[in-house]
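J.: Questions regarding the structure given below will be posed in turn.
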Amino acid sequence: MVAIWRKDLVQEWRLRQGIVASLLMGVATVVGVGFAALGQTLSAGLQAGLFWVALLFGLFPALARGFIVEEETGTADLLRVGARPVSVFWGKWLFHATLYLLLSAVLVPLYALLVAPLKGNLLSWLLLWLGGGFCLTSVLTLCGALTAQAATRGALLAGLSFPLLLPLVLILIAGTRQALEGSFPAEPLQGIFGYALALSAGGAWVFERVWQE
Amino acid sequence: MWRLECARLGKRFGERWIFRGLELALETGTVLIVRGANGTGKTTLLRLIAGLLAPTEGTVVLRMNGKAVADRRRYLGWCAADGALYRELTGYEHLRWWAQVRGLPAEPDLLLAHLERFELGSRAHERVRAYSAGMRQRLRLAIATYGTPPVLLLDEADAGLDVAGLNLLRRTIDEQATCGIVCFATNRAELIGWGNLALELGA
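Those protein sequences? They're chains A and B, same order as listed.
Each number in my numbering corresponds to the 1-based position in the first sequence with 37 added.
Each number in my numbering corresponds to the 1-based position in the second sequence with 87 added.
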């Protein structure tokens with residue numbers, strides 16, 4: 038798992054394809070939203086929605102392509118023969134989680150600066166950020182793996198990700214709105230961590246079954 | 088003692104059967120040369136054995152001392168002429184990565200000595216994108232043979248190799264035959280003498 042994570046990290050460091058595309062998308066989204074919201078007081082619900090939309094827009098270009106690039110360049114066979122499926126899944130997940138951390142380090146402060154300050158309880162924000170990151174990373178890793186071998190992978194990826202991402206994003210927005218309003222988002226966090234548990238248990242299992250022909 | 092068994096093996100793409108009812112039993116010491124015209128299924132057979140394709144019918148089983156192993160991919164070395172490598176990694180990084188994912192020793196001295204065996208020692212720390220076709224093929228061979236896997240699958244592994252590279256391939260096959268099984272698919276008629284068993288597909 039660590040070997041796969043390190044291999045992906047070294048490649049990304051030397052090519053900087055995924056992270057640059059993701060940063061451009063994310064920064065463009067936050068700056069665009071910032072200009073649109075200039076001089077206006079945004080409601081907590083709108084702030085929460087824009088926050089997660091900006092992060093999701095930033096994440097999508099890099100995360101969804103992890104497995105697709107392996108298939109397109111033909112290196113997926115090397116992975117299949119060499120590594121256990123569970124190691125491949127969690128190695129890729131770890132790499133995607135690293136990208137999430139790096140993107141967040143840029144996009145979250147930028148959002149706070151240009152769109153709206155992150156008010157409320159710090160612990161709530163931290164839990165939402167960690168739980169949300171875990172789930173978004175898992176969904177995009179799994180969907181990327183499921184669609185990588187399909188001829189119409191672009192459309193399939195969007196179609197497959199949508200029903201998995203939509204409920205997650207809605208829970209994250211609900212939780213973030215509560216955090217912005219100063220209350221602890223207990224119920225949304227339960228939902229997020231339940232979702233994370235289901236994904237971590239089911240994701241690797243599903244992956245092992247599709248990581249074949 | 089290793090034994091690789093293919094029973095009633097068949098593969099179909101769409102409506103077209105590539106081959107059907109293939110029976111094979113290979114034991115330690117066997118060097119199988121797979122021959123056949125283009126499109127007769129040499130690569131397909133090796134990919135089925137490697138577990139990279141699912142058979143339409145039949146089974147592939149690898150046994151050690153009579154007992155079937157659960158995940159045969161862990162016991163295979165795979166070298167294909169069209170097998171992709173990570174262009175941004177060096178030869179050394181490739182072999183280290185392979186050793187780590189396979190749980191094999193990954194000490195620098197061991198890795199460099201193995202690369203040296205394939206005459207890549209002096210270029211070990213260069214990125215693969217700077218390698219020639221022949222050097223890439225040597226690197227694929229180095230990866231496939233690291234840790235001496237009991238089954239070595241070579242899909243046109245002679246492609247792109249010069250005379251010295253072919254001699255190296257011959258030596259590698261001979262060494263592998265002392266402790267495992269080799270399946271070598273090739274289009275070159277003159278290499279049939281490298282094996283002790285031949286399979287002509289599409290005949």
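Here a beta-carbon is modelled for each residue, glycine too, at the ideal position from N, C-alpha and C.
Starting from A/F104 and walking both ways along the alpha helix (DSSP H), at which residues does that stretch end?
T.: Locating residue 104 of chain A in the first sequence gives position 67, where the first residue counts as 1. Start and end: G103 to T110.
J.: On the three-state DSSP scale, how would you describe A/F97?
T.: The residue given as residue 97 of chain A occupies position 60 in the first sequence. Taken through DSSP and simplified to helix, strand or coil, A/F97 comes out as helix.
J.: If you drop the 5 nearest sequence neighbours on each side, which residues of the same chain put their C-beta closer than 6 Å to that of A/L147?
T.: Numbered from its first residue, the first sequence carries residue 147 of chain A at position 110. Result list for A/L147: V67, in chain order.
J.: Quick one, which of B/N283, B/V118 and B/G190 has its alpha-carbon nearest B/Q263's?
T.: On the second sequence, residue 263 of chain B is found 176 positions in, with the first residue counted as 1. Closest by alpha carbon: B/V118.
J.: Rounded to the nearest angstrom, how far is the Cβ of A/G63 from that of A/F94, given a contact under 8 Å?
T.: Start at 1 with the first residue of the first sequence, and residue 63 of chain A comes out as number 26. Start at 1 with the first residue of the first sequence, and residue 94 of chain A comes out as number 57. Contact flag correct, Cβ pair sits at about 6 Å.
J.: With H, G and I counted as helix, E and B as strand and the rest as coil, what does DSSP make of B/M151?
T.: Position 64 of the second sequence, counted from the first residue, corresponds to residue 151 of chain B. Strand.
J.: Can you list the alpha helix (DSSP H) stretches of 4 or more residues lying completely in the segment 196-256 of chain B, in chain order?
T.: 220-232
J.: Any C-beta of chain A sitting closer than 8 Å to the C-beta of B/Q187?
T.: Position 100 of the second sequence, counted from the first residue, corresponds to residue 187 of chain B. Using beta-carbon distances, B/Q187 counts as an interface residue toward chain A, with a partner under 8 Å.
J.: Would you kindly work out how many angstroms separate the C-alpha atoms of A/Q77 and A/P154, rounded to a whole number?
T.: By one-based count along the first sequence, residue 77 of chain A stands at place 40. By one-based count along the first sequence, residue 154 of chain A stands at place 117. Using only the alpha carbons, I get a separation of about 13 Å.
J.: Is the number of C-beta pairs between the segment 147-165 of chain B and the segment 238-256 of chain B that are closer than 8 Å three or more?
T.: yes
J.: Which parts of the segment 108-140 of chain B are runs of the alpha helix (DSSP H), unbroken and 4 residues or longer, counting only runs that do not cross its ends?
T.: 129-137
J.: On the three-state DSSP scale, how would you describe B/A94?
T.: As a working note, residue 94 of chain B is residue 7 in the second sequence. If DSSP states are grouped into helix, strand and coil, B/A94 belongs with the strands.
J.: Tell me where the alpha helix (DSSP H) around A/G239 begins and ends.
T.: Within the first sequence, the letter at position 202 stands for residue 239 of chain A. Boundaries of the alpha helix (DSSP H) around A/G239: A223 to V247.
J.: Under a three-way DSSP split, which group does B/T273 fall into?
T.: Position 186 of the second sequence holds residue 273 of chain B. Correct three-state label for B/T273: coil.
J.: What's the C-alpha gap between A/V123 and B/Q187?
T.: Indexing the first sequence from 1 puts residue 123 of chain A at position 86. Indexing the second sequence from 1 puts residue 187 of chain B at position 100. Computed Cα separation, rounded: 15 Å.
J.: Is it the case that the Cβ atoms of A/T178 and A/L194 are separated by a distance below 8 Å?
T.: The sequence position of residue 178 of chain A within the first sequence is 141, counting from 1. The sequence position of residue 194 of chain A within the first sequence is 157, counting from 1. Contact: no.
J.: Taking any Cβ of chain B, which residues in the segment 118-144 of chain A have a Cβ under 7 Å from it, in chain order?
T.: V118, G119, A120 and S124
J.: Specify, as a first and last residue, the run of the alpha helix (DSSP H) that A/A40 falls within.
T.: Mapped onto the first sequence, residue 40 of chain A falls at position 3. Per DSSP, A/A40 belongs to the alpha helix (DSSP H) from V39 to L52.
J.: My understanding is that B/V156 touches B/C270, with C-beta atoms under 8 Å, so please give their C-beta distance in whole angstroms.
T.: On the second sequence, residue 156 of chain B is found 69 positions in, with the first residue counted as 1. On the second sequence, residue 270 of chain B is found 183 positions in, with the first residue counted as 1. Their Cβ separation, rounded to whole angstroms, is 17 Å, which puts B/V156 and B/C270 out of contact at 8 Å.
J.: Using only CA atoms, which one of B/W184, B/R275, B/L255 and B/L228 lies nearest to A/V39?
T.: Along the first sequence, read from residue 1 onward, the residue named residue 39 of chain A stands at position 2. Comparing Cα-Cα distances from A/V39 to each of B/W184, B/R275, B/L255 and B/L228, the minimum goes to B/W184.
J.: Which residue or residues does DSSP assign as beta-bridge partners of B/L284?
T.: Residue mapping note: residue 284 of chain B aligns to position 197 of the second sequence, counting from 1. According to DSSP, B/L284 bridges with B/L119.
J.: Identify the contact partners of A/I41 in chain B, using a Cβ-Cβ distance below 7 Å as the criterion.
T.: Locating residue 41 of chain A in the first sequence gives position 4, counting from the first residue. Going along chain B in sequence order, the residues near A/I41 (Cβ under 7 Å) are V188.
J.: Considering only their Cβ atoms, is the gap separating A/A58 from A/A99 smaller than 8 Å?
T.: Position 62 of the first sequence, counted from the first residue, corresponds to residue 99 of chain A. Position 21 of the first sequence, counted from the first residue, corresponds to residue 58 of chain A. Result yes, Cβ atoms of A/A99 and A/A58 sit closer than 8 Å.
J.: Within its chain, find whatever has a CB closer than 6 Å to the CB of A/A222; leave out the 5 residues flanking it on each side and keep chain order.
T.: Here residue 222 of chain A corresponds to residue number 185 of the first sequence, with the count starting at 1. One point to set straight first is that residue 222 of chain A is Pro, not Ala, in the sequence displayed. Result list for A/P222: S161, G212, Q215 and A216, in chain order.
J.: Can you tell which of A/A91, A/V176, A/E218 and A/R53 has its C-alpha closest to the C-alpha of A/L144?
T.: Residue mapping note: residue 144 of chain A aligns to position 107 of the first sequence, counting from 1. Nearest option by C-alpha distance: A/A91.
J.: If you measure beta-carbon to beta-carbon, which residues of the segment 188-213 of chain B are closer than 8 Å to chain A?
T.: V188 and R189
J.: Roughly how many whole angstroms lie between the Cα atoms of B/P142 and B/A276?
T.: The sequence position of residue 142 of chain B within the second sequence is 55, counting from 1. The sequence position of residue 276 of chain B within the second sequence is 189, counting from 1. Those two C-alpha atoms are separated by around 28 Å.
J.: Considering A/L173, what are the terminal residues of the beta strand (DSSP E) in which it resides?
T.: Position 136 of the first sequence, counting from 1, holds the residue named residue 173 of chain A. Per DSSP, A/L173 belongs to no beta strand (DSSP E); it is in the alpha helix (DSSP H), L159 to T184.
J.: Taking 8 Å as the cut-off, decide whether the C-beta atoms of A/K129 and A/I56 are in contact.
T.: Start at 1 with the first residue of the first sequence, and residue 129 of chain A comes out as number 92. Start at 1 with the first residue of the first sequence, and residue 56 of chain A comes out as number 19. Against a cut-off of 8 Å, the Cβ pair of A/I56 and A/K129 comes out as no contact.
J.: Using the three-state DSSP reduction, which class does A/L155 fall into: helix, strand or coil?
T.: For the purposes of this step, residue 155 of chain A is identified with residue 118 of the first sequence, where counting begins at 1. When DSSP states are grouped into helix, strand and coil, A/L155 belongs to the coil group.
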